[in-house]
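Structure record follows, encoded as structure tokens.
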Amino acid sequence: MSAAKPRFAIVVFPGSNCDQDCHHVATELLGCDADYVWHRDTDLKGADVVILPGGFAYGDYLRAGALARFSPVMETVTRFAMDGGPVLGICNGFQVLLEAGLLPGAVRVNRGLRYVCKDVHMRVENASTPFTRLYEPGQVVKMPVGHGEGNYTAPPETLTELEYEAGIVFRYCDESGRVTDEANPNGATAGIAGIANREGNIVGLMPHPDRCAEGLLGNEVGRRMFESAVSSLAPA
Amino acid sequence: MTSGAHTRDLIAEHNLSAEEFARILEILGREPNLVELGVFSAMWSEHCSYKSSRIHLKKLPTTGPRVIQGPGENAGIVDIGDGLAVAFKMESHNHPSFIEPYQGAATGVGGILRDIFTMGARPIASLDSLRFGHLDAPRMRHLVDGVVRGIAGYGNCMGIPTVGGETTFHPAYDRNILVNVMSVGVVPSHRIFRGRAEGAGNPVIYVGSKTGRDGIHGATMASEEFAGDETRRKRPTVQVGDPFTEKLLMEACLELFELDAVVGIQDMGAAGLTSSSFEMAGRAGSGLEIDLSKVPVRETGMTPYEILLSESQERMLLVARKDRLDTVLEVFGKWELEAVVIGRVTDSGRVVAFFDGRIVADLPVAPLSERAPVYDRPRVPPTPVLSRGWEELPEPASYGACLRKILATENIAQKSWIWTQYDHMVGTNTVERPGGDAAVLRIKGTSKAMALTSDVNPFFCACDPYRGAAIAVAEAARSIAATGARPLAVTDCLNFGSPERPEIMGQFEAAVRGLSDACRALSTPVVSGNVSFYNETDGRPIPPTPTVGMVGLLEDVSRQVRMPFRREGDRVALLGRTRDELGASEFLRTIHGRDDGPCPDVDLEAERRLVELLVRLADERRIASAHDVSDGGLAVALAECAMASGLGVEVRLEPGVRPSALLFGETTGRALVTFAPGDESSVRAAAETADVPLDVIGRVGAGRLAIEMAGRALVDEPVAELSDIWTTAFARSMEESAEVL
Amino acid sequence: MKVEVRVYPKEGVLDPQGRAIASALGRLGHETVSDVRAGKIFFIEVEGDDPVAVEAEARKMAEELLANTVIEGYDVRIAAQP
Amino acid sequence: MKVEVRVYPKEGVLDPQGRAIASALGRLGHETVSDVRAGKIFFIEVEGDDPVAVEAEARKMAEELLANTVIEGYDVRIAAQP
Ligand SMILES: Nc1ncnc2c1ncn2[C@@H]1O[C@H](COP(=O)(O)OP(=O)(O)O)[C@@H](O)[C@H]1O
Ligand SMILES: [Mg+2]
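Chains as they are written, first to last, in the numbering used here: chain A, 2 to 237; chain B, 2 to 742; chain C, 7 to 88; chain D, 7 to 88.
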């Protein structure tokens, strides 16, 4: 693959199950190089972008992401993120970032107490992160969710900070972009579907861009998140 | 452990007949000890030995140009080209699911997934075929909720999408629900593994969860007399699934399979360590020596009897090349799995089990596995249920009202409440999600896709097991062909009452004949399957339920055809002829509350021609959509295409059969296709060449479902309203109940 | 009146959660942990001031809904909610 | 020595599970139920016989792992396992 293209590291925890899906997007669809990084490794193999994929790390026993955050690889990921490296947590990966304190807040079990797998709509609230810069601000995107614990919440002061520091990246909405209760698949506070840290380089979301990245699957919009990362790293 | 003659009770408690016990004495030339008695009991149980079904299953067609592995292994395998093959099988977990729906269904998924990855295949999808009683029967919503949560809990965690299935409700399942799960995997055709213990001297390795006192079944009572009160108090009847451990097992095994270190492998399913060791030695014609003291146990004081017969989940037995043992232990170590060498392969033709240095069982392999008893049980042929006079019923006042009512019944209503609880997208191969005729999964690295479905109509089978079974195969093939895929092969799960009753064996024999004839006619050999007898309570059996799982191959995924109407103005054509049939239909049940027969007729040659035509039309890109006509009849099929697309349809039907049969009859051998007006002549020509009747019955329109016959409007309903009824009815019915959280 | 219902896996029944937590605690350096069993606890606010009646009612709730008595045991006690 | 760690939703944090259970109990005819909060309880077997030390260790486990202190509170008590 062309040298200009960034290198992806896809972290594999015991119980991750979307690692290969993310690898497929990075390599087959974007033509980038990607390495799997086993949770006990501490070497990101020179990665430019780190992805924490979906799944059930450690079975999500106890709490989603709770046991995974102690994996040795997380120290390296933390250092990478603190140095400004782009880190994307998808679904279970997002939950791990929350448990690890790399992103603020927590998720509870879905309002309906059931796992929910279906397409939802989200409004892009922050189009300036390395993973959303190719979207338009306010753009409505359709992506699948697949989770049982995606009911995001945080202490009031954290929520206020997220609101004012552009920490909210995606909000569940209806097709027309209105944030409504019906459009919210899990009861997340303020319809929050995805957030970023203050610097914007760490992004986590419950929906699955990796599941809507090619036409064959009927939806390509998720691919833009990966392409955003590539473009954000492209030598200007 | 035991001395002298076994009491009659002890033998009976092990579900062994006097004749079977005599046979044991003859095989051994001595009294078996208690452990050995337990082993015979397990290996000769209906579940492990197929002793009542074998002679009938022999009649199924099991070979074909694409068949790489037929029945007898953990799963069947067919070739799909490009150096790839698909492994698939269906399994039942009926009884455990009735006792504890969540764990019963969850461990059912775990079991079938192990069957797939032990063949070397990476599972790509599962389907669940569910039968419940009347929703208002005691515990029924609790059972539905628990089963669905259990399948979701296990499958989602494993990361194997559940992409399809079926759900039927029938009062005859009130006290015997059925949970059948089918799994499908992809394997390089040159790297298939089998359950064979080959190579004397090779190490036998136990890997996975520790062994507990889970699910030590039939023989439980007997063993307790020896294991003592402690055990009786402690032994749980229900096995709890641990999908996380199984996920690690799967990844570890798949990694290991690349390293040329594994000789044979098998999961420890029913009868656990006993069946896996005897079957592995049996298939290879070898022998085994195993030391039960080395088996990792979860509880203290476990007896050899318990260790051999435990059904703890997430355990595998494998034979490694002696020179590669380190590699094997290394890989399992990486995945943090407990792997222990518990014995070695011999050429003695016997399985010898040690415990604390003593021999606790020493048995010949063949009589227990390959040459287990086989029975030709007495049977009386089923008497088909015929019409009780539905022909005399007056035609309903409003067909539209009938349609609304039928769309809201639990059998016809959309099952999205179920499949949205399943991760049906993980793996990013799901091209056609639940809701279509068959699920379609692309095969990465090729242009191909697999079409998967499971079908059987128990109402048909209750009227006529032979036809019901044949129609199940035909409907499956039609559902597959409607996506443009070519039906390849079949797995089955034959759910019946007690084989000790001649009526039941009569049903079984008829159903197997139906499967055989249909699978021959459609060139879809049966490569794997499962039999579940004794699905009855207080002498009330379930209806014969031969669930058919079918896989089809789409050579070019870009030629896939979908169910929803595509464009306003497209022509709508019905393939096949509608007969004056209402027997066993949803219409009779819902509108008239009757379960008259007869089961609709089936013409297997016509079904084959229809399948050929559908595949050809898709391959030549001549059609815009296709849908097979089944449950609920033509009106429901039209409604499904409309609701799925938001488009409407205007239909003119020729008189001939009574309107109710025209709209709601479940005549087999029919499908709906749509195409651009410009393609009509070529589609007609193709149908003529294929010798399939084709009638252009209408055109895709805007918002309404309008059906008229000879100038008379039969149905005229807004699609949006029908859709609202159909999509919400089932969820509402489930969530209003207090049994469901 | 506040009542507490505790639900836990029956003896001998596999408890994957407890096992996973135990080994995680081990990795975190709590080597003294030899076993963990994971259960649920429900803090229920019930109207009425007859402890006997309230406890009886709570048992019914456990039997009907809170515990899966095939694999779980439970106990009930009138107690102060945290 | 056996120690019990109870984890529960913090005051003010909405508890979807407790809510659903409360309404289900209502539908089951337990009208006297006014509120339910759902938590977790861990029965931990720890080597050592100094209650003070064991309790301190258990608190550490709760802080680090058993509770997500963003939304959950916990308490610890030396107790007999059911
Ligand atoms: N239990 C289930 N799990 C997953 N999908 C299901 C289940 N029950 C029904 N479905 C899906 O609903 C759709 C309709 O099912 P069914 O009525 O059996 O279709 P058909 O009549 O074409 O056989 C199919 O796509 C099927 O996969
Ligand atoms: Mg069907």
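Cβ coordinates follow ideal geometry from the N, Cα and C atoms, glycine included.
Item, Value
"Reduced DSSP category for B:VAL352 - H, G, I as helix; E, B as strand; rest coil", "strand"
"Minimum Cβ-Cβ distance from B:MET426 to chain A less than 8 Å", "yes"
"Three-pair Cβ contact test at 8 Å for the segment 213–220 of chain A versus the segment 96–112 of chain A", "no"
"Cα-Cα separation between B:VAL630 and B:LEU648, rounded to whole angstroms", "18 Å"
"Alpha carbon of B:GLY39 to alpha carbon of B:PHE355, nearest angstrom", "15 Å"
"Under 8 Å (Cβ pairs) to chain B, residues found in the segment 85–118 of chain A", "LEU114, ARG115, TYR116, VAL117, CYS118"
"B:CYS494 - containing beta strand (DSSP E), residue span", "487–496"
"Residues, ordered as in the chain, of the segment 712–734 of chain B that lie near chain D by beta-carbon distance below 8 Å", "none"
"Cβ-based contacts, 7 Å cut-off: residues of the segment 182–199 of chain A near chain D", "GLY188"
"Residues within the segment 47–63 of chain A neighbouring chain C, beta-carbon criterion of under 7 Å", "TYR59, GLY60, TYR62, LEU63"
"Element boundaries [alpha helix (DSSP H), containing B:TRP727]", "720–736"
"C-alpha gap between C:LEU72 and B:ARG316, whole angstroms", "31 Å"
"Counted within 10 angstroms of its Cβ, other Cβ atoms place A:GLU137 as buried (16 or more) or exposed", "exposed"
"Near ligand 1: B:THR119 beta-carbon under 7 Å from a heavy atom", "no"
"Close Cβ partners of A:ASN18 (< 6 Å) along its chain, the five nearest in sequence each way excluded", "GLY56"
"Contact set for B:ARG560: own chain, Cβ-Cβ below 8 Å, skip 5 residues either direction", "GLY485, ALA619, ASP620, ARG622"
"Cβ shell of B:PHE731 (< 7 Å), same chain only, five flanking positions each side left out", "GLU411, ALA414, GLN415, LYS416, TRP418"
"is_contact[D:GLU76, chain A] using C-beta, thresh 8 Å", "The question names Glu, but residue 76 of chain D is Val in the sequence shown. Output row for D:VAL76: interface = yes."
"Interface residues of chain D facing C:ALA30 [CB-CB closer than 7 Å]", "LEU71"
"Contact set between C:GLU63 and chain D, taken where Cβ atoms lie within less than 8 Å", "HIS36, THR38"
"Range covered by the beta strand (DSSP E) that runs through B:VAL185", "179–189"
"Short CB-CB distance (under 8 Å) between B:GLU226 and chain D", "Per-residue confidence for B:GLU226 stands at a pLDDT of 36, beneath the threshold of 50, marking its modelled position as unreliable; no derived number is given."
"Straight-line Cα distance separating B:THR579 from B:ALA173", "29 Å"
"Reference A:ALA189, options A:TYR173, A:MET83, A:VAL74, closest by Cα", "A:TYR173"
"Best match in D:ALA68, D:SER29, D:VAL52 for proximity to D:LYS8 [C-alpha to C-alpha]", "D:VAL52"
"Closest Cα partner of B:ASP581 within the set B:ARG617, B:MET644, B:THR669", "B:THR669"
"Closest Cα partner of A:SER177 within the set A:HIS40, A:GLY139, A:GLY219, A:HIS24", "A:GLY139"
"Coarse secondary structure for B:GLU92, derived from DSSP in three states", "strand"
"Residue-level contact to chain A via CB, C:PRO22, 8 Å cutoff", "yes"
"Exposed unless 16 or more other CB atoms sit within 10 angstroms - verdict on B:ILE100", "exposed"
"CB contact below 8 Å: A:HIS25 versus chain B", "yes"
"Residues near B:THR728 in its chain [Cβ-Cβ closer than 7 Å; skip 5 each side]", "GLN415, SER417"
"Outcome for A:TYR165 when other beta-carbon atoms lying within 10 angstroms are tallied against a minimum of 16", "exposed"
"B:THR447 in three-state terms, based on DSSP", "coil"
"Of the residues A:ARG41, A:PRO15, A:ASP49, A:LEU45, the one placed nearest A:ALA5, counting alpha carbons only", "A:ASP49"
"Inter-stretch contact (C-beta, 8 Å, three-pair minimum) for the segment 43–59 of chain C and the segment 17–33 of chain C", "yes"
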